[in-house]
Amino acid sequence: MNAVIIAVLVMLILSLVRVNVVFSLVIGAMVGGLVGGLSFASTITIFTEGLGGNATVALSYAALGAYAVAISKTGLPDAMVEMAIRLVGKNGEGRKRSLSKVLILLIILIISIFSQNVVPIHIAFIPVLIPPLLKVFNELQIDRRVVATVITFGLTAPYILLPVGFGAIYHQIIQENLGLNGLEVSLNAIPNAMLIPVGGMVLGLLVAVFISYRKPRVYGTTEVQNEEKQAYTRKGIIFAIASIIVSLAVQLYLSQQLGVNGMIIGALVGIIVIYASGVLRYGEADELLTSGMKMMAFIGFVMISASGFANVLKETGHISSLVAVSADMIGNQKSLAALLMLIVGLLITMGIGSSFSTIPIIATIFVPLCIQLGFSPMATIAIVGTAGALGDAGSPASDSTLGPTSGLNTDGRHNHIWDTCVPTFLHYNIPLILFGWIAAIML
37 MNAVIIAVLV MLILSLVRVN VVFSLVIGAM VGGLVGGLSF ASTITIFTEG
87 LGGNATVALS YAALGAYAVA ISKTGLPDAM VEMAIRLVGK NGEGRKRSLS
137 KVLILLIILI ISIFSQNVVP IHIAFIPVLI PPLLKVFNEL QIDRRVVATV
187 ITFGLTAPYI LLPVGFGAIY HQIIQENLGL NGLEVSLNAI PNAMLIPVGG
237 MVLGLLVAVF ISYRKPRVYG TTEVQNEEKQ AYTRKGIIFA IASIIVSLAV
287 QLYLSQQLGV NGMIIGALVG IIVIYASGVL RYGEADELLT SGMKMMAFIG
337 FVMISASGFA NVLKETGHIS SLVAVSADMI GNQKSLAALL MLIVGLLITM
387 GIGSSFSTIP IIATIFVPLC IQLGFSPMAT IAIVGTAGAL GDAGSPASDS
437 TLGPTSGLNT DGRHNHIWDT CVPTFLHYNI PLILFGWIAA IML
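The opening residue of the sequence shown carries number 37 in the working numbering; numbering runs sequentially from there.
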């Protein structure tokens with residue numbers, strides 16, 4: 037049996053029955069290694085060696101968590117709640133409440149989209165923006181599952197479709213790997229080929245917002261981090277907003293101009309700006325950092341464990357065999373070929389958690405197979421691009437799901453699997469398979 041399929045299924049089943057995701061990843065990796073022919077000792081060694089792959093990201097989350105707690109101490113969350121109450125009205129009923137929900141979700145969607153291209157900071161904005169808004173969500177009784185689907189759409193759809201920011205990287209990876217396997221395509225052709233698959237994601241977003249999660253959901257009135265309500269002043273609010281702007285600017289400069297991960301330094305600079313306001317005292321540094329680390333510890337450990345999980349799957353060699361076996365099953369049936377290739381991409385990305393890393397793996401088999409079966413270049417782009425992106429939304433180990441959870445679970449009321457992964461899987465992966473298959477047939 038294929039180790040990739042077994043490992044991913046074990047990890048997903050354990051996660052769905054509410055076994056801790058970190059333990060699910062560890063157990064899935066052990067099972068996958070043994071099924072893949074590795075010894076128990078070798079599996080442990082390979083898993084351990086892979087843990088360092090996401091260490092920088094884990095530390096970044098801890099730093100951003102500390103920054104999020106610092107923002108909360110300025111009183112900005114309470115100011116936002118009061119603004120929301122004034123916007124909604126005293127009783128928060130009727131048309132004003134509905135318009136307020138739509139406005140908030142629209143703002144979050146725009147910021148999420150911009151984080152992939154206009155200001156390409158990826159998920160770094162979430163621990164800064166979302167925790168202060170939780171009080172607003174509670175006041176408006178917004179179902180956080182819809183917020184998770186909105187953020188995940190903004191984190192994934194732009195890079196799949198638009199050739200700017202992270203999309204430029206993804207499209208370049210597609211073009212290079214198609215070329216390496218015998219199909220030369222222009223970068224300009226990729227957005228056109230990915231338009232139909234992304235149309236499926238748009239449909240999923242609309243269903244999530246206006247049908248699946250439109251009803252109010254009560255989360256209670258527990259304060260974020262169980263802290264007392266923070267008194268705020270105009271000075272504190274101004275410095276809080278200034279710190280956010282400076283933090284994002286530093287992250288953008290470091291990533292774009294110097295080509296380094298700027299999340300840690302950006303968070304540190306943001307905290308320093310808040311210190312300068314006098315809202316926080318120097319002696320509070322240890323308590324602040326500890327609170328932030330607690331808030332983000334789960335996300336960091338998932339990222340670290342996912343890196344070890346992916347390392348084990350790669351070492352088994354069963355990723356390539358999964359692709360090859362699928363190719364043997366297809367024969368000359370184009371419709372079946374397109375569907376199987378998309379499903380294989382889903383399985384690989386769900387396990388690895390990175391669509392960018394999936395493309396080089398699947399292109400070596402998919403591209404020659406598409407050429408052999410007579411798929412057009414545009415259809416081949418759609419198949420490879422969609423197969424690579426499948427699983428990014430919905431994977432417990434993906435930035436696109438871990439990011440939303442990191443912000444929405446600040447007060448412990450948002451489950452990573454059932455409130456982020458399952459909703460995003462249902463509303464994005466299923467439409468991506470369907471619309472990706474349609475694109476492969478039509479183009």
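Yeah, the Cβ is synthetic: ideal placement off N, Cα and C, and Gly gets one too.
Query: Alpha helix (DSSP H) containing His207: first to last residue?; Result: Phe202 to Leu216
Query: Does the pairing of the segment 397-410 with the segment 431-444 give three or more beta-carbon distances under 8 Å?; Result: no
Query: Given Val234, which residues of its chain have a CB within under 7 Å of its CB, disregarding the five upstream and five downstream residues?; Result: Ala193, Ile196 and Leu197
Query: Note down the Cα distance separating Arg54 from Leu241, rounded to an integer number of angstroms.; Result: 26 Å
Query: Spell out a yes or no on whether the segment 161-175 and the segment 212-222 are touching, meaning 3 or more CB-CB pairs, one atom from each, closer than 8 Å.; Result: no
Query: Out of Leu462, Phe411, Leu223 and Met414, which has the shortest C-alpha to C-alpha gap to Gly430?; Result: Leu462
Query: With a threshold of 7 Å, establish whether the CB of Thr460 neighbours any heavy atom of the ligand FMN.; Result: The ligand FMN is absent from the structure shown, which contains no ligand whatsoever.
Query: Quick check on DSSP: helix, strand or coil for His354?; Result: helix
Query: Spatial neighbours of His354 within its chain, please: CB distance less than 6 Å, with the 5 preceding and 5 following residues excluded, ordered by chain position.; Result: Asn38, Ala39, Val40 and Gly72
Query: For Arg449, does the three-state DSSP call read helix, strand or coil?; Result: coil
Query: On the CB-based measure, 16 or more other CB atoms within 10 Å of its CB, does Arg181 come out buried or exposed?; Result: buried
Query: Our contact map puts Leu382 next to Ile419 with C-beta atoms below 8 Å; I'd like the distance itself, whole angstroms only.; Result: Leu382 to Ile419, Cβ: 12 Å. No contact.
Query: Indicate whether Gly427 and Ile159 have their beta-carbon atoms separated by less than 8 Å.; Result: no
Query: Compare the C-alpha of Gly69 against each of Val243, Ile80 and Pro413 and name the closest.; Result: Ile80
Query: Taking the alpha-carbon positions, what's the Phe16 to Leu405 distance?; Result: This structure leaves residue 16 out entirely; the chain is present only between 37 and 479.
Query: With Arg250 as the anchor, note down where its alpha helix (DSSP H) starts and where it stops.; Result: Arg250 -> no alpha helix (DSSP H), and no H or E assigned at all.
Query: Grab the span of the alpha helix (DSSP H) containing Asp435 for me, first residue to last.; Result: Asp435 to Leu444
Query: Which word fits Asp322, buried or exposed, when buried means at least 16 other C-beta atoms lie within 10 angstroms of its C-beta?; Result: exposed
Query: Skipping 5 residues on each side, what residues in its chain have a beta carbon closer than 8 Å to that of Leu219?; Result: Val403, Cys406, Ile407, Pro413 and Thr416
Query: Given a threshold of 16 other Cβ atoms within 10 Å of its Cβ, counted over all protein chains shown, does Val254 qualify as buried or as exposed?; Result: exposed
Query: Taking a contact to mean a Cβ-Cβ separation below 8 Å, would you say Ser341 touches Val62 in this structure?; Result: yes
Query: Do Phe345 and Ala104 have their C-beta atoms closer together than 8 Å?; Result: no
Query: Look up Asn465 in the DSSP assignment and say whether it is helix, strand or coil.; Result: helix
Query: Just confirm the distance between the C-beta atoms of Phe411 and Gly236, as a whole number of angstroms; I'd bet it's less than 8 Å.; Result: About 19 Å separates the two Cβ atoms, so there is no contact after all.
Query: Leaving aside the five residues before and after Gly190 along the sequence, list all residues of the same chain whose C-beta is less than 6 Å from its C-beta, in chain order.; Result: Leu145, Ser148 and Ile149
Query: Would you call Asn465 buried or exposed, if buried means 16 or more other Cβ atoms sit within 10 Å of its Cβ?; Result: buried
Query: Comparing C-alpha positions only, which one of Ser313, Val243, Pro252 and Leu135 sits nearest to Ile277?; Result: Ser313
Query: Report the CB separation of Ile300 from Ala106 in whole angstroms; it is logged as a contact under 8 Å.; Result: That pair is no contact at about 14 Å.
Query: Are Ile42 and Val67 closer than 8 Å when you measure CB to CB?; Result: yes
Query: For Ala342, which of helix, strand or coil comes out of DSSP?; Result: helix
Query: Among Gly298, Val282, Ile143 and His207, which has the Cα closest to the Cα of Val183?; Result: Ile143
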